[in-house]
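One structure is given below, encoded as structure tokens.
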């Protein structure tokens, strides 16, 4: 894996700026695994990404519905959450279908290797702030960074 950026997030505006910066690093069709504890800001980050792509509505956690799709002028943003699933691989077929033609896919609580993700965004608490790291994931690479 290759680290693309690392940022400290102290305010909500920092998360918004991060989303806009990350968007410029993600090619069309990128699949991003989102990692971090509950309350780390994963869904908030997805909301800022969707807004940066032109989605005017409200982004909510797909914890119970598993997959949300947000239409944007650049193509759909697919947002999935695997937290409740004992076997996330059971959703992979449905997720792949949802990702067809998508501008971007974002999966909370997903393992990059299992998903075939191109990127990993880690959100880690640091006192009152958070650390965000965006990693590019190569095919077949081990996690553990």
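In our numbering, the protein residues as written are 31 to 175. Yeah, the Cβ is synthetic: ideal placement off N, Cα and C, and Gly gets one too.
The distance from the Cβ of residue 132 to that of residue 107 is about 7 Å, consistent with a contact at the 8 Å cut-off. Within a 10 Å sphere around the beta-carbon of residue 117 sit fewer than 16 other beta-carbons, which makes this residue exposed. Under a 10 Å Cβ-count criterion, residue 90 is classified as exposed, with fewer than 16 other Cβ atoms of the shown protein chains found around its own Cβ.
With fewer than 16 neighbouring CB atoms inside 10 Å of its own CB, residue 159 falls in the exposed class. In the structure shown, residue 89 adopts coil according to DSSP, grouped into three states. Annotation for residue 33: 163, 165 place their beta carbon closer than 7 Å to its own, counting only its chain and skipping 5 residues before and after. By the Cβ rule, the stretch 42 to 52 does not count as touching the stretch 92 to 108, because fewer than three pairs are nearer than 8 Å. Taking the Cβ atoms as the reference, residue 64 lies roughly 5 Å from residue 151, within the contact range of under 8 Å. Excluding sequence positions up to five before and after residue 142, its CB lies within less than 7 Å of the CB of 63, 150, 167, 173, all in the same chain and listed in chain order. For the pair residue 122 and residue 73, the Cα-to-Cα distance works out to about 20 Å. Residue environment: residue 135 is assigned as buried (16 or more neighbouring CB atoms within 10 Å of its CB, all protein chains considered).
Its Cα nearest to that of residue 85, the residue 109 stands out among 109, 68, 56.
Here the alpha carbon of residue 58 sits roughly 15 Å from the alpha carbon of residue 126.
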